[in-house]
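Numbering (this note's numbering), first residue to last: 23 to 447. For each residue, glycine too, the CB sits at the ideal point set by N, CA and C. Scroll down for the structure; my scribbles are underneath it.
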């Protein structure tokens, strides 16, 4: 066990040093306020209580509903654009900190503008059939890819010194000089991503790498029936992508809605996954929050759990995913994958054996635990099954909490040591 612990610590330290992984993590943390606002508006819109729905749709002539829809659409439809900004800023700050230099906000702003232009070119914005969904949360992977690669290209081109101008006058505006120096790097970066879009369009008939991957997933998962194999593959693939900072649900959303939306077609369906597998959202974060509240020793960790509790009840998991963080954290990779798999197998066995009725209706993913179980199955057996899955998930997460708290103490000691060394220079 000690050997495994040392390996995990070593891997964690390596990940902490990575500019790319650090930028992904920091960018997603920056996105938490928007994510929570968007998801909470979706929750208020879709709360499955008939009296509430009647009230909200008639209140002020339906204006409240329109406001909530506006908030949700604003966050959802432009999520990838916001993510490009957050990732580019994060990458630039982390890179400067690692190199021990500070080049000012001018370079960061220019990088953000170039990254946004590159993302627009990569998305095929010039076509008449261009859809705004290319800027939505469905294309978060494309946003991460473009912003990270364009940021690295910008840093390489800038540090090469090939495009640096010789200062002719001392009174020249520094911002003007920076802008002129970045013309050629901007042309190269935006041009490369526009060419990349044409490559995918001509060679594969798709607009991006993400669409090519979605087509591949559709080809692999499409022929599978709504059974055990399909469910296992989707749960593992979704969380495998999520662990590396890629929104697994968005990547597979098209496939799942196309082939696994019907709750009556078989045991596995999108609703079955939302209601019984993902308790509290991705990675069954409700299980982790309960485990933190019961077993965490550090006050800060428990405070984070209390802060996240109101959102994970409605299956909004981002505060925990990126606050601890779970994403890109080797300590939590095992329970993050294992808990959803355990929930899936328990649920599949319970429904297959007849202990719990087959699902009879679709349920919105923001519906709270126990209420969602009852509505999905039309029986309180569904709520009891959720309670069993919750207890199993808490037990699986429990031993990893101690390891996480030990790692947090080591990280704090290491950061303090680095600060002391920096002050002694």
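- Just so you know, the alpha carbons of residue 202 and residue 209 end up roughly 12 Å apart.
- In chain order, 212, 215, 216 and 219 place their CB closer than 7 Å to the CB of residue 143, counting only its own chain and leaving out the 5 sequence neighbours on each side.
- For residue 129, the secondary structure class from DSSP, reduced to helix, strand or coil, is helix.
- Of the residues 392, 421, 377 and 366, the one whose Cα lies closest to the Cα of residue 251 is 366.
- Following the DSSP letters along the chain, one finds residue 46 inside the alpha helix (DSSP H) bounded by residues 41-52.
- Every alpha helix (DSSP H) stretch that sits fully inside the segment 351-408 and reaches 4 residues is listed by chain position as 355-375 and 393-399.
- One alpha carbon belongs to residue 265, the other to residue 348, and they sit about 7 Å apart.
- A straight-line Cα-Cα distance of about 7 Å links residue 170 and residue 110.
- Annotated three-state conformation of residue 319 is coil, per DSSP.
- Taking C-beta atoms under 8 Å as the contact rule, residue 130 and residue 44 fail to qualify, at a distance of about 16 Å.
- The beta-carbon distance between residue 104 and residue 53, rounded to whole angstroms, is 7 Å. This is short enough to meet the 8 Å contact definition.
- Scanning the segment 176-241 from its first residue to its last, the whole alpha helix (DSSP H) runs of 4-plus residues come out as 196-203 and 205-226.
- With a minimum length of 4 residues, the unbroken runs of alpha helix (DSSP H) contained wholly in the segment 254-282 fall at 270-281.
- With distances taken between CA atoms, residue 360 lies nearest to 419 out of 419, 242 and 332.
- Residue environment for residue 337: buried (at least 16 other C-beta atoms within 10 angstroms of its C-beta).
- With fewer than 16 other Cβ atoms inside 10 Å of its own Cβ, residue 284 counts as exposed.
- The alpha-carbon separation between residue 167 and residue 159 amounts to approximately 14 Å.
- If you check the CB distance, residue 133 and residue 114 come in under 8 Å.
- A check of alpha carbon separations from residue 383 across 368, 401 and 369 identifies 401 as the nearest.
- For residue 151, the number of other beta carbons within 10 angstroms of its own is below 16, and it is reported as exposed.
- For residue 296, no alpha helix (DSSP H) segment is defined, and its DSSP state is neither H nor E.
- When DSSP states are grouped into helix, strand and coil, residue 341 belongs to the helix group.
- Closest by C-alpha distance to residue 176, out of 207, 390, 183 and 163, is 207.
- Sequence-distant Cβ neighbours of residue 345 in its own chain, meaning closer than 6 Å and more than five residues away, are 326.
- Assignment of residue 304 by DSSP, reduced to helix, strand and coil, places it in the coil class.
- For residue 150, the three-state secondary structure derived from DSSP is coil.
- The beta carbon of residue 240 sits closer than 6 Å to the beta carbons of 277 from its chain, once the five residues preceding and following it are set aside; these are given in chain order.
- DSSP places residue 430 in the helix class (H, G or I) of the three-state scheme.
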